[in-house]
DNA sequence: TCATGTACTTACCTTTTGGAAAGTTATGGA
DNA sequence: TCCATAACTTTCCAAAAGGTAAGTACATGA
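Chains as they are written, first to last, in our numbering: chain Y, 2 to 131; chain E, 2 to 131.
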C-alpha cells in the first residue's frame, strides 16, 4: 500500500496501445485507490455504473433512473466511462434514435466496490435519531 | 435501490441533535451510494481514512504518507471527517504540539468499502499491456 | 536574541465540475 | 407544413474543489 505505483507506458515503441480500458497513463499514484477514484469518482459515475450493472438501459431510461442528472452530464460521464472501458454503447439505427448502455465485463468487476458503497450508505444514512 | 430516501430531521422540536456523525440532513438521495460519496468522496478522504484505519497517526506523519496533499487540504479534510464522526482527533498538550488522528469505530465500518476500492485499483491499474 | 519544530490559518487564485437552456438531426405522422 | 421524438451538442455561466504561499503561537535550545 505504501509503495508508490508508477504507470509506465509499457511498450512505447511497438504497440500503439489500442486498449483503452484505463486512462491515466504515465501517472504516479501513491495508492491503488486513486485509480479507482479516477474511474468511478465524481458525483455521477458510480451511480451510473451501478444502474448498468445488470441490464442495458437506454439514454432516456438512465436519465429517469438517476434523478437530477442533466443531459450534458449524462452524456459526458457515459463517454468517459466508455473511454475507460467500463460501459459499452450500442446505437440502433432507428428514428428516433435508440442507444443502449451496459457495463462491460471489465465494468462488472467494479461490482464489489459499488455494492460496498451501497451497503454502507444504506446502513448509515439514518444512524442518528437513536 | 430505486426508492428515494429522504432524510427527515427526525425530531425537529425537542432534540437539538448532538449527534454529528452524519451531515447531509434534510437531503434527498436517490441512492445510498450518494451518502457514502459525501463522506469519503473527493480526492483525499478515502486515502486518509484508509491510513487511519489501524493505528493513530499524527498530522505530520499523515502528510508524509499521503504525498501531494497540502497542509490546507489535510486539515480541511480531517475536520470534515471529524465532523462526520469518521475520525477522532486527540491533542496532546505539549510544545511543539502533537495531534493524533484515528478512525473511530464508526469510521472503521468503512473498511469494506475502502478495501474494495483498494483491491480494484491494485488489480486493474496495469491491466493493459497484455 | 534567534532559529526550530509542529500544527495549523488565512488570503488569494486557478482548475475542475456542474448546470441551464437552447439548438441539432432525421423521419414519420397529423 | 408542422410537430414530435431521442439522443445528443453547444455556449455560457456559477459553484465547488483544490492549490500556493505566507503567516501564527508557543516553548525550547543554541
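Cβ coordinates follow ideal geometry from the N, Cα and C atoms, glycine included. These numbers come from a predicted model, not from an experiment.
- Here residue 53 of chain Y carries a coil assignment [DSSP, helix/strand/coil].
- The three-state reading of DSSP puts residue 76 of chain E in helix, counting H, G and I together.
- DSSP lists no bridge partner for residue 105 of chain Y.
- In terms of CA proximity to residue 75 of chain E, E:49 leads the group E:49, E:29 and E:104.
- Exclusion of the five residues before and after residue 83 of chain Y leaves 90 as the residues of its chain whose Cβ lies within less than 6 Å of its Cβ.
- Contacts with chain E at 8 Å (Cβ-Cβ) do not include residue 54 of chain Y.
- Excluding residues up to 5 positions away in sequence, 50, 53, 79, 82, 102, 103, 104, 105 and 108 lie with their Cβ nearer than 7 Å to the Cβ of residue 88 of chain E in the same chain.
- Burial is judged here by how many other beta carbons sit within 10 angstroms of a residue's own beta carbon; residue 125 of chain E has at least 16 and is buried.
- Taking residue 70 of chain E as the centre and dropping the five residues before and after it, the same chain places the C-beta of 45 and 64 closer than 7 Å to its C-beta, in chain order.
- By the criterion of a C-beta distance shorter than 8 Å, residue 43 of chain Y is surrounded in its chain by 78, once the five residues flanking it on both sides are discounted.
- Where residue 88 of chain E is concerned, the enclosing beta strand (DSSP E) starts and stops at 88-93.
- Within the same chain, and ignoring the five residues on either side of residue 115 of chain Y in sequence, the residues whose Cβ sits closer than 8 Å to its Cβ are 41, 47, 50, 51 and 54.
- Taking residue 85 of chain Y as reference, the option from Y:111, Y:61 and Y:93 with the minimal CA-CA separation is Y:111.
- Closer than 9 Å at the C-beta level to chain E, one finds these residues of the region 99-111 of chain Y: 107, 110 and 111.
- Here residue 100 of chain Y carries a strand assignment [DSSP, helix/strand/coil].
- Within 8 Å of the CB of residue 83 of chain E, no CB atom of chain Y is found; the nearest one sits about 16 Å away.
- Using beta-carbon distances, residue 89 of chain Y does not count as an interface residue toward chain E, since no partner is under 8 Å.
- A direct Cα-to-Cα measurement between residue 117 of chain Y and residue 98 of chain E gives close to 37 Å.
- For the set Y:34, Y:60 and Y:120, the Cα lying nearest the Cα of residue 93 of chain Y is the one of Y:60.
- Distance between residue 122 of chain Y and residue 96 of chain E, taken at the CA atoms: about 40 Å.
- Shortest Cα-Cα distance from residue 66 of chain Y to any of E:113, E:62, E:58 and E:32 involves E:32.
- Closest option to residue 58 of chain Y, judged by alpha-carbon separation, among Y:119, Y:113 and Y:100: Y:100.
- Residue-level contact check: residue 32 of chain Y touches chain E, since one or more beta carbons of chain E fall below 8 Å from its beta carbon.
- Residue 72 of chain Y has a beta carbon lying at 8 Å or more from every beta carbon in chain E.
- Per the coordinates, the alpha-carbon of residue 39 of chain Y lies some 14 Å from the alpha-carbon of residue 120 of chain E.
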